[in-house]
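A.B. asks: Please find one structure pasted underneath; my questions will follow.
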Amino acid sequence: MKERSEITTLIQRAQNHDESACQKILNLYKGRIFSYVYRMVKNYHDAEDITFDAFIKCFNALPSFDLSKSFSTWLFTITHNVTMDYFRKNRQEYEYFDDRHASNEDLMQEYEQKRKMERIDQALAMLPPIDRELVILFHKEEYSYQEISGILDMPVTTIKTRLHRARKKLRVLVLQKPKKT
Amino acid sequence: MKHKEIERLIQKRLDRETNPDEESRLDKHLAQCPHCAGQYQEMTQIGKSVKEITEFYPQAGFNARVIAKLGLKRRFAWTKAAIVFTASWVAALLFFAYSPLPGRVLSHLATSVPAIMRLFDSIALVMSSLNQVLSPVFKSSLSTLNPVVGLVFSILFVYFLGKALQKEVKCKA
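In order, the protein sequence lines correspond to chains W and S. Just so you know, we're using this note's numbering here: the first sequence kicks off at 1 and counts up by one. Just so you know, we're using this note's numbering here: the second sequence kicks off at 1 and counts up by one.
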């Protein structure tokens, strides 16, 4: 991970339309952003489109970015908003996806079909998008509750409750042994 | 201590929010309760596994697509170009001033190709006329000023050409 001062310098250069600085920012963050989006929407091409839109929005809004704030948190906020637009556009449920559309049995069947993926990745994919997002932001990206609250525009208490529930679900899903075909 | 309370403390530790008292209570209980210890292990392992999950990347050419959409183009470093140009100019000047090679080559060419000789005569005529006109202005011989004036003019030319071209580049990020 680059030092904050290096990131700040890169952002300042990108604010002045420096193409190589934009390239460096893309190289630094595209993996994290794409992985986050891909795990949210579970479709490679859609994830790429969302990541693309998020970076375009980010670079277009960069001149107004406050350098005293965290760039990655800001970028994740933009990405979250673009992903939410995708969910709205595709009429997909963000909060209650699992509760409405799939029983535990369905979830486990789907879980077994995706045996090639790592177990934890499969388990993550079984979570509702919001819970998945919380687990990734907290455990993978290591953001604090306050930062996640800023990214998702959600109260800290709600985040905590959902994350605790998500961890429990994950544990159950991970411990469930896949059936042999 | 009740298992429910321990479960709450496990979640709190995973949230990185336990205080020293809660830490010691939790550790004490985990040391004597295999059930809670197992659950704690599983929960922490999940957190670690999530941290290590594979990172995915968009297809090759993603950066180029973003850069193209933004309308950014690679900028040429005109300041650097001016420095390189100056250095080349000085090196060429020194070479022509101190190396016997250019003189030999030119004299050989001039004797073997009469047209070149005539060209040199014409240039010499123009330069001598210019010298007569401009030397009172610069209070020095034009032939002495030639390299310096040429160098300054060329640097300014390269620099301002670069700047002008740079303005043409569309940047709308």
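C-beta atoms are modelled at their ideal positions from N, C-alpha and C, and glycine is treated no differently.
Nearest-angstrom Cα distance between W/F138 and W/I148?
C.D. replies: When rounded, the distance between both Cα atoms is 8 Å.
A.B. asks: Which residues of chain S have a Cβ atom closer than 9 Å to the Cβ of W/I130, listed in chain order?
C.D. replies: What W/I130 touches in chain S: nothing, since even the nearest Cβ is about 16 Å away.
A.B. asks: Taking 9 Å as the CB-CB limit, is W/D85 close to chain S?
C.D. replies: Taking Cβ atoms only, chain S never reaches closer than 9 Å to W/D85, which makes this a no.
A.B. asks: Here's a check: name, in chain order, each residue in its chain whose Cβ is nearer than 8 Å to the Cβ of W/T73, leaving out the five neighbours to either side.
C.D. replies: Within the same chain, W/T73 has close Cβ partners Y143, E147, G150, I151.
A.B. asks: Cβ of W/I120 within 9 Å of Cβ of S/S49?
C.D. replies: Yes, the Cβ-Cβ distance between W/I120 and S/S49 is below 9 Å.
A.B. asks: Under 8 Å Cβ to Cβ from W/Q23, same chain only, skipping five residues before and after it: list those, please.
C.D. replies: Contacts found: none.
A.B. asks: Taking the C-alpha atoms as reference points, what is the distance between S/T86 and W/F55?
C.D. replies: Near 40 Å, if we compare the C-alpha coordinates of W/F55 and S/T86.
A.B. asks: By the 10 Å Cβ neighbour count, where 16 or more other Cβ atoms means buried, how is S/Q59 classified, buried or exposed?
C.D. replies: Exposed is the call here.
A.B. asks: Grouping DSSP H, G and I as helix and E and B as strand, with all else coil, what is W/Q176?
C.D. replies: Note: W/Q176 maps to coil in three-state DSSP.
A.B. asks: Under 8 Å Cβ-Cβ, which residues of chain S neighbour W/F55?
C.D. replies: Near W/F55 (Cβ distances below 8 Å), the residues of chain S are V66.
A.B. asks: Are the Cβ atoms of W/S130 and W/V82 separated by less than 9 Å?
C.D. replies: For clarity, residue 130 of chain W is Ile in the given sequence; the question names Ser instead. Contact flag unset, no.
A.B. asks: Between the region 51-63 of chain S and chain W, which residues of the former have a C-beta closer than 8 Å to a C-beta of the latter?
C.D. replies: Listed in sequence order: K51, I53, T54, E55, F56, Y57, P58, Q59, F62, N63.
A.B. asks: Less than 8 Å between the CB atoms is what I'm expecting for W/T79 and W/Y145, so what's the real figure, rounded?
C.D. replies: Rounded, the Cβ-Cβ distance is 19 Å, inconsistent with contact.
A.B. asks: Helix, strand or coil, according to DSSP, for W/H17 in the structure here?
C.D. replies: It is coil, neither helix nor strand.
A.B. asks: Identify the contact partners of W/Q23 in chain S, using a Cβ-Cβ distance below 8 Å as the criterion.
C.D. replies: Within 8 Å Cβ-Cβ: N63, I67.
A.B. asks: Compare the Cα-Cα distances from S/H35 to each of S/Q11, S/R13, S/H3 and report the closest residue.
C.D. replies: Measuring from the Cα of S/H35, the nearest candidate turns out to be S/H3.
A.B. asks: Can you find a C-beta in chain W that's less than 9 Å from the C-beta of S/E5?
C.D. replies: Answer no: the Cβ-Cβ gap between S/E5 and chain W never drops below 9 Å.
A.B. asks: Taking only beta-carbon positions, decide if W/V174 is within less than 9 Å of chain S.
C.D. replies: Chain S, which has a Cβ nearer than 9 Å to the Cβ of W/V174, makes this yes.
A.B. asks: What residues in the region 29-51 of chain S bring their beta carbon closer than 9 Å to a beta carbon of chain W?
C.D. replies: Of all residues in the region 29-51 of chain S, Q39, E42, M43, Q45, I46, G47, K48, S49, V50, K51 have a Cβ within less than 9 Å of some Cβ in chain W.
A.B. asks: For W/F34, which residues from the same chain have a beta carbon less than 8 Å from its beta carbon, with the 5 sequence-adjacent residues on both sides left out?
C.D. replies: Counting only Cβ-Cβ distances below 8 Å, and skipping sequence neighbours, we find A47, E48, T51.
A.B. asks: Please work out which residues of its chain come closer than 7 Å, Cβ to Cβ, to W/K180, disregarding the five sequence neighbours upstream and downstream, and give them in chain order.
C.D. replies: Note that W/K180 scores a pLDDT of 47, beneath 50, so its modelled location is shaky; the value from the coordinates is reported in the next line. Closer than 7 Å at Cβ, skipping near neighbours: no residue.
A.B. asks: Within 9 Å (strictly less), CB to CB, does W/N60 reach chain S?
C.D. replies: Yes, W/N60 counts as interfacial toward chain S.
A.B. asks: If you follow the alpha helix (DSSP H) that W/V135 is in, where does it begin and where does it stop?
C.D. replies: Run containing W/V135: 129-135, per the alpha helix (DSSP H) assignment.
A.B. asks: Identify the contact partners of S/L14 in chain W, using a Cβ-Cβ distance below 8 Å as the criterion.
C.D. replies: Result: R167.
A.B. asks: Cβ closer than 8 Å: which chain S residues qualify as neighbours of W/E48?
C.D. replies: Per Cβ cutoff of 8 Å: P58, Q59, F62.
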